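Colleague: Residue numbers (the working numbering): 372 to 437. Even for Gly, the Cβ is constructed at its ideal location relative to N, Cα and C. Every value quoted in this text rests on a predicted model; they were computed, and no experiment measured them. Sending over a structure as structure tokens; questions will come in a sec.
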């Protein structure tokens with residue numbers, strides 16, 4: 372699927388999609404829309420599981436390379 376097709380099918384602007392691919396930054400709403408179209412929305416649930424080790428999540432916000 373092309374970027375344009377993914378943007379059209381998900382309702383996420385092409386600019387937002389390109390920015391996400393280059394910077395890793397995206398709104399939660401847009402991320403959920405993309406995951407839904409790609410058939411991966413169920414994987415997002417793993418992040419929300421109670422009892423998960425939060426160190427891996429905290430690393431996302433402390434990673435200086437982003």
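#1: Looking at the structure shown, is residue 397 part of a helix, part of a strand, or coil, going by DSSP?
#2: Alpha helix (DSSP H) containing residue 416: first to last residue?
#3: Taking the alpha helix (DSSP H) that residue 381 belongs to, which residues open and close that run?
Modeller: The answer reads as follows:
#1: coil
#2: Per DSSP, residue 416 belongs to no alpha helix (DSSP H) and is neither H nor E.
#3: 374 to 381
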